[in-house]
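I have placed the structure first, in the form of structure tokens, so that the comments after it can refer back to it.
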Amino acid sequence: MARRSVFVIGVLGTAAALVASYTRILYVDGLSLLDIALIAVFVPLALWLAQSFWTLGAGFLVLLFRGPPPAEAPVPPVTAKGPTAVVVPVYNEEVGRVFAGIQAMRRDLAAHGLGDHFHIHVLSDSTRPGPWLSEVDAWRDLADQADEARGLPPVYYRRRLQNRERKSGNIADFVRRHGQLYEYMVVLDADSIMTASSLARLVARMEADPKAGLVQAPPRLARGETLFARILQFAGAVYGPLSASGIAFWAAGEGNYWGHNAIIRTRAFSDCCGLPELPGSAPLGGEILSHDFVEAALLRRGGWKVLIADDIDDTLEEPPPTVGDFATRDRRWCQGNLQHARLIPARGLHWVSRLHFSVGVMSYVSSALWLVFLVLSALQAWQLARTPVSYFAAGRPFPQWPLEVQGAALTLLAVALGLLLVPKLFGLVLTLRDGRLRRALGGGWRVTLGVLIETLYTALLAPIMMLLHSLAVFSTVLGRAVGWSAQNRKAEDGAFEQAVERWLPFTAIGTAVTAAAWITSPTLALWLSPVEAGLILAPVVVWLGDSGRVGLALKRARLLLTREETLPPPVLQTLDTLLDEDAARTRPDRNALLAWTVLDADRLRDHLDLLPLADQESRATPEQAAAAARKLRYLGPAALDDKEALAVLENAEELVGLHAACWARWLAGDWPDAPPLPPRAVPRKLAG
Amino acid sequence: MVRHLTLAATAVPTATEARPATPTAAHGGPKPAPVPDPAAQIDAFWRHIRLKTAVYLAHAHGLPRPQAMEEARRVTAAVRAETAVPDRESALARCLEHAGRLLAEDGRHRPVPLPVAGLPMDPQPLSPVLIAPTPGLGAARLWAMVLAAMVVPALAAALVLI
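Next up, the structure:
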């Protein structure tokens, strides 16, 4: 393909030019072993820089010629034969937000008359009783509303009792149980929001191309409040389209899957995407963690197209609120992506799928390589500082003057920085050109100022992320695996003291590096100053980034705005309203929900109906369940720890027995810590 | 337990109410301890159970109060007819279970069960092309790409040195 040839020639040519310039600089006094090591490390880094630049450059050209998108995306008619499943895997999430998002999407679908074309499936893998019972509580509310307002798509809920193979296992379980019912499934994340228009357009894409196995819509970031989150979403708004269109340009039908906000042909997924366990143990063996890239590669291997719909720009997700949450997520992703290194040579994959794996691996390994590169450069500077200048070599009659290469080095640095920064200008140019977008983002000056703020902040954050990514890479390679923790999606303003306490080690490292560099050579210290500044100021940088107050102050000043903030689509407006309503009410805690599940016949019936849907046995033995049930009966709900509560809740027989027994004790006033009974909206009439 | 006993005590007639007139009292002598009426005591016992069952039906099953009372009366009568006088806790438990069974099929079932019609998700092979005997072409292309990616910049560097 011509477009790929252009891309590959551009990447290799740019990398070759960078490496050649660098080698010329190092060769000025001959090549030492250290120089060779530096060149060896620089080669993959140059390829990485060039790949990133040409992807964004290609995206710029695509968007430049395509022109601004329409103000309101059309909603095509849905012509699929049956309904499309919208699957929402959840894992110990903040229930109010998840279900408000689902409800907002349902209302949007109903408003467009598309409710009959979609079924929403909440696929829970929650392992704690509190989130589980809250999910059921919220799901019951949604299920009841479906009766009241016609046109809302139905919502189904299922919780696995044993969450094998994490998210990929959760979706695979859905396909194993209901795959034949749906020709397509749209996979969402717990914080995803998709407009009715985007859902309809994704279905239309699949209908239009029978060879399409997966269509990925690039999610935009929205609803961030902290400075860090707002910087991420502003960057996503200004530069994100370049990246999506660039990848779509060179990937074409060999695109990638980012795990959510994508539509999948269910039969193709079933045929191609069963994931094996990798030989060996975690972190690099065992279960495949980052399943999405692998599933895309397997679909392509099976002959299906994997497409990136870079023109569908109204699907949303939320950014991690704080730098710490971002780092935690990155640690998990790093492990998953490094696992992909083992799959690069897997048999039968398309070479572009291998390239996607390599790019994913380099996203994290590049940080470690930059760190090694900086250390080697510092060593070299130290060596040079200690080598006396010798003008006369033995056997040579004329003096040898030291050659000045600082100019060449500065040029190379400028080019490398240009590869990083010019794409930001591409994004700025496209934003300024689109009048509607420019106004939505606060006007030309504010967008430009926003780009400057974003560039300055990410420059300060870069060395911190470099160290964090390097730590993640080294610890993964050394065999330290991370668990599957629920993702924090809500910001809380932290105190400066906490930031100092957590990020002080980075300050210490930065100070040590600065001091060592200064002692070696003040010039070296100056060269490293951007890295040193970020590390020394780490607590301040992170504290500012994590601050909701700073983020909102900038929002009030109309800086770092996104289109979703100034012209929110109806689905986001509904979400905000629902979240306000949710915040106004008090959600019952775990103990109240546990007691209500046992006492309230209606709730118990739902619970018992839901239990067998997963077709799995509880991890707790019947003896453990019986012991926990006795404890619940005589000591009350507060006496049970999470494991005991799960044992009872996952055992239908014990629950049925507990209902009358706990009621008898409650009526006798002898059930410790008995919570008030659940409110009943409408008294039920007895049949007959 | 305190509340349990208090409620039971209120349900049972007081000693003064239940006390019959005796010849001794008529003659002005000391009043003997009243003889409790067993039938009244049993009625009070079941009345108490009925009230509790009604409370249960109203709260656990959401029945309106009159219907809860009526249903509790029927349930209590049925349980009373088939048992002797049990202890209070087991009598109440039996009534609650009986009431629960009567209403079990009556409520709405929110999870509308979807038919189980799944597709297989068989694990796909991901063995490396390097150790797999075929296809050789795939391996050759893979390594050609790796070499091209790494060697082109290295060649450029070498050219600089020449």
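Sequences listed follow chains A and B, in order. Quick note: the first sequence, position 424, residue 838 per my numbering, numbers continuous. Quick note: the second sequence, position 158, residue 233 per my numbering, numbers continuous. Heads up, the beta-carbon is just placed ideally off N, CA and C, and yes, glycines get one too.
Measuring CB to CB, does residue i end up less than 8 Å from residue j?
i: Val708(A); j: Ile585(A); result: no
i: Arg580(A); j: Glu701(A); result: yes
i: Gly856(A); j: Leu975(A); result: yes
i: Leu866(A); j: Pro733(A); result: no
i: Arg185(B); j: Arg480(A); result: no
i: Gly424(A); j: Trp462(A); result: no
i: Ala1088(A); j: Ala1009(A); result: yes
i: Ser684(A); j: Pro195(B); result: yes
i: Ala1028(A); j: Arg572(A); result: yes
i: Tyr131(B); j: Ala159(B); result: no
i: Pro655(A); j: Leu833(A); result: no
i: Asp449(A); j: Leu459(A); result: no
i: Tyr401(A); j: Val617(A); result: Because chain A is modelled from 415 through 1102, residue 401(A) falls outside the range shown and cannot be assessed.
i: His754(A); j: Val720(A); result: no
i: Arg852(A); j: Leu846(A); result: yes
i: Ala524(A); j: Leu992(A); result: no
i: Arg38(B); j: Val154(B); result: The structure shown does not extend to residue 38(B), since chain B is modelled only from 76 to 237, so the question has no answer here.
i: Pro543(A); j: Asp1056(A); result: yes
i: Thr723(A); j: Arg619(A); result: Position check: residue 723(A) holds Ala in this sequence, whereas Thr was assumed. A contact, by the Cβ cut-off of 8 Å.
i: Arg860(A); j: Arg761(A); result: no
i: Leu426(A); j: Val227(B); result: yes
Between residue i and chain B, is any beta-carbon pair separated by less than 8 Å?
i: Pro497(A); result: no
i: Ile453(A); result: yes
i: Gln987(A); result: no
i: Tyr570(A); result: yes
i: Pro735(A); result: no
i: Thr729(A); result: no
i: Arg681(A); result: yes
i: Ala1088(A); result: no
i: Arg438(A); result: yes
i: Leu528(A); result: no
i: Leu1063(A); result: no
i: Arg564(A); result: no
i: Arg520(A); result: no
i: Pro1051(A); result: no
i: Pro759(A); result: yes
i: Arg1098(A); result: A caution first: Arg1098(A) carries a pLDDT of 44, below 50, which makes its placement in the model too unreliable to give a value.
i: Leu1081(A); result: yes
i: Ser684(A); result: yes
Quick check on residue i - is its C-beta less than 8 Å from some C-beta in chain A?
i: Ala207(B); result: A caution first: Ala207(B) carries a pLDDT of 47, below 50, which makes its placement in the model too unreliable to give a value.
i: Thr97(B); result: Reliability fails at Thr97(B), whose pLDDT of 45 lies under 50, so the model's placement of it is uncertain and no value is given.
i: His123(B); result: no
i: Pro109(B); result: no
i: Pro198(B); result: yes
i: Pro161(B); result: no
i: Leu222(B); result: no
i: Arg149(B); result: no
Per DSSP, residue i forms a beta bridge with which residues?
i: Met608(A); result: Thr729(A)
i: Thr498(A); result: Phe532(A)
i: Ala760(A); result: Pro203(B)
i: Leu721(A); result: Val629(A)
i: Tyr598(A); result: Arg679(A)
i: Pro198(B); result: Gly688(A)
May I ask whether a heavy atom of the ligand HEM can be found less than 7 Å away from the beta carbon of residue i?
i: Tyr598(A); result: Inclusion of the ligand HEM in the displayed structure is not the case, the ligand content being empty and no account of it being possible.
Is the number of C-beta pairs between the region 545-552 of chain A and the region 522-532 of chain A that are closer than 8 Å three or more? no
Could I get the ranges of all uninterrupted beta strand (DSSP E) runs contained in the region 829-864 of chain A, with 3 residues as the minimum, in chain order? none
Three CB pairs or more closer than 8 Å across the region 661-676 of chain A and the region 762-774 of chain A: yes
Measuring CB atoms only, is the region 589-603 of chain A touching the region 643-653 of chain A, in the sense that at least three cross pairs come out at less than 8 Å? no
Segment contact flag, the region 602-620 of chain A with the region 980-989 of chain A, C-beta cutoff 8 Å, min 3 pairs: Contact between the region 602-620 of chain A and the region 980-989 of chain A is present, because at least three Cβ pairs lie under 8 Å.
Output the residue ranges of the beta strand (DSSP E) runs that lie fully inside the region 139-194 of chain B and measure 3 residues or longer, sorted by chain position. none
In the region 638-696 of chain A, which residue ranges form an unbroken alpha helix (DSSP H) of at least 4 residues, counting only runs that do not cross its ends? 641-652, 654-665 and 680-686
Assess contact between the region 1070-1085 of chain A and the region 162-170 of chain B, defined as three or more Cβ pairs (one per stretch) separated by less than 8 Å. Is contact present? yes
The region 868-888 of chain A touching the region 946-961 of chain A, judged by at least three CB pairs closer than 8 Å: Touching, yes.
Those runs of the beta strand (DSSP E) which lie wholly inside the region 554-593 of chain A and span at least 3 residues: 569-573
Is there contact between the region 428-446 of chain A and the region 224-234 of chain B, where contact requires at least three CB pairs shorter than 8 Å? yes
Three or more beta-carbon pairs under 8 Å between the region 738-751 of chain A and the region 882-895 of chain A, yes or no? yes
Ordered list of alpha helix (DSSP H) runs contained in the region 975-1053 of chain A, each at least 4 residues: List check, alpha helix (DSSP H) in window: 977-980, 984-998, 1004-1013, 1015-1024 and 1036-1049.
Is it true that the region 952-960 of chain A meets the region 909-916 of chain A, where meeting means three or more beta-carbon pairs spaced less than 8 Å apart? Result yes; three or more Cβ-Cβ pairs closer than 8 Å.
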